[in-house]
């Protein structure tokens, strides 16, 4: 379902081509908020048809941030905070799977002698002035001439600056499906408005993609049927889907809606730039999936930092690391350390290249 009165979004189809029902039975949304805090983000799917993969990977499902409520509660107790306190603390808190350079080479890209471990200026020019000063290591240089790896390591997107994202709603928790639809629709609109000129300048597709909302955990899309809180499907030019389970994250953090919308739009950027297909071609299994996911996380947090509705300060900044650490470490979405590294690095990024997970060492995308 799309937000009423938003004419730029298509009406929900009764059927996809071929006669398959698009949404199943239409029901009234439950207006009650989710009671058990969780943090579950979505899953980008590739446009079919695809040859079968030997194991896992993005051809089936590439997840966003996938969380379970019991882990949230356990970690909150471990951290000494409640879920609400993680999102709104009283004050600041201190905060190798296989990848192939070619299809026959069973090794991750590794640093070359010319790569540097020096630090970048802190903060980068133009970065949100509310961020605390921090130095970030320079990412390793590209190290492969394989065409698919070139697409991933030297993509034209990396030269693009993060645009100022204007006209977005203020950060607010979405506790009901109606609130999620209102907030996510508005947030996606301002994100797409900001990126359209950038994509046009790069010669990439800049058409506005639709977003849909669905009850429950399962939805049928042109990419197939999946159970996910939110997902991106690259078929038919791309679309983003938000489900009822997205409330599990958006209801426990003020920036949950901005997180999931930026993350899923980050997958759209990857798709239009050819990175989905390139990841499939390198046959990197779960490590490739993690590189996609962690990059989308980094880009999503960069969008939060460049969102002019966000007033960044130390109190807000200190909420992000506990939130990222609520992730289930499932081998696909990134370890706690990797999620924190790439998410917080995104806040400091002024261009997409600062989130180049494809040149990073394997231990930084575990």
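In the numbering used here, the protein residues as written are 73 to 438. Note that beta-carbon positions come from the ideal geometry of N, C-alpha and C, so glycine has one too.
Those residues which DSSP pairs with residue 439 across a bridge: Limits of the chain in this structure are 73 at one end and 438 at the other, which puts residue 439 out of reach.
Residue 417 versus residue 351: straight-line alpha-carbon distance, rounded: Residue mapping note: residue 417 aligns to position 345 of the chain shown, counting from 1. Residue mapping note: residue 351 aligns to position 279 of the chain shown, counting from 1. Computed Cα separation, rounded: 22 Å.
Contacts around residue 239, its chain only, beta-carbon distance under 6 Å, and the 5 residues preceding and following it disregarded: Translated into positions along the chain shown, residue 239 becomes position 167. Same-chain partners within the cutoff: 262.
Simplified DSSP assignment, three categories, for residue 226: Counted from its first residue, the chain shown places residue 226 at position 154. Note: residue 226 maps to coil in three-state DSSP.
The region 284-299 touching the region 326-340, judged by at least three CB pairs closer than 8 Å: The region 284-299 is not in contact with the region 326-340.
Inter-residue Cα distance where the pair is residue 61 and residue 254: Residue 61 lies beyond the stretch modelled for the chain, which goes from 73 to 438, so this question has no answer here.
Cβ neighbour criterion (16 or more within 10 Å) applied to residue 47: Coverage of the chain is limited to positions 73 through 438, which leaves residue 47 absent and any answer about it impossible.
The region 362-374 contacting the region 329-337, beta-carbon criterion three pairs below 8 Å: The region 362-374 makes contact with the region 329-337, as at least three CB pairs between them are under 8 Å.
Segment limits, beta strand (DSSP E) that includes residue 305: Sequence index remark: in the chain shown, residue 305 carries index 233 (1-based). From DSSP, the beta strand (DSSP E) with residue 305 extends over 302-305.
Integer-rounded CB distance, given that residue 386 should sit under 8 Å from residue 204: Here the question's residue 204 lines up with position 132 in the chain shown. Here the question's residue 386 lines up with position 314 in the chain shown. Correct: roughly 6 Å between the Cβ atoms.
Among 228, 237, 317 and 231, the one whose alpha carbon lies nearest that of residue 247: Here residue 247 is taken as the residue at index 175 of the chain shown, counted from 1. The shortest C-alpha separation from residue 247 is found at 317.
Distance between residue 279 and residue 500 (C-alpha atoms, nearest Å): For residue 500 there is no data in the structure shown, the boundaries of the chain being 73 and 438.
Alpha-carbon spacing of residue 347 relative to residue 223, whole angstroms: For this step, residue 347 is matched to residue 275 along the chain shown. For this step, residue 223 is matched to residue 151 along the chain shown. When rounded, the distance between both Cα atoms is 6 Å.
Per DSSP, cross-strand counterpart(s) of residue 324: Residue 324 sits at position 252 when you count from the first residue of the chain shown. When DSSP reads this structure, residue 324 sits in no beta bridge, so it has no partner.
Same chain, Cβ closer than 6 Å to residue 412, five either side skipped, listed in chain order: The count along the chain shown starts at 1 and reaches residue 412 at position 340. Closer than 6 Å at the Cβ level, and outside the excluded window around residue 412, lie 393 and 396.
Limits of the beta strand (DSSP E) - the one that residue 299 falls within: The residue given as residue 299 occupies position 227 in the chain shown. For residue 299, the enclosing beta strand (DSSP E) begins and ends at 296-299.
Residue 152 - DSSP class collapsed to helix/strand/coil: Taking the chain shown and counting its residues from 1, the one referred to as residue 152 is at position 80. For residue 152, the pLDDT reaches just 34, beneath the cut-off of 50, and the residue's location in the model is therefore unreliable, leaving the point undetermined.
Cβ separation of residue 344 and residue 277, assumed to be a contact under 8 Å, to the nearest whole Å: For the purposes of this step, residue 344 is taken as the residue at position 272 of the chain shown. For the purposes of this step, residue 277 is taken as the residue at position 205 of the chain shown. Your pair residue 344 and residue 277 checks out as a contact, with CB atoms roughly 5 Å apart and the cut at 8 Å.
Cβ-Cβ distance between residue 354 and residue 311 below 8 Å: For this step, residue 354 is matched to residue 282 along the chain shown. For this step, residue 311 is matched to residue 239 along the chain shown. At least 8 Å separates the beta-carbon of residue 354 from that of residue 311.
Neighbourhood of residue 241 by C-beta distance below 7 Å, restricted to the same chain and skipping five residues each side: To locate residue 241, count along the chain shown from 1; it is residue 169. For residue 241, the CB contacts under 7 Å within the same chain, skipping 5 residues up- and downstream, are 255, 258, 259 and 381 in chain order.
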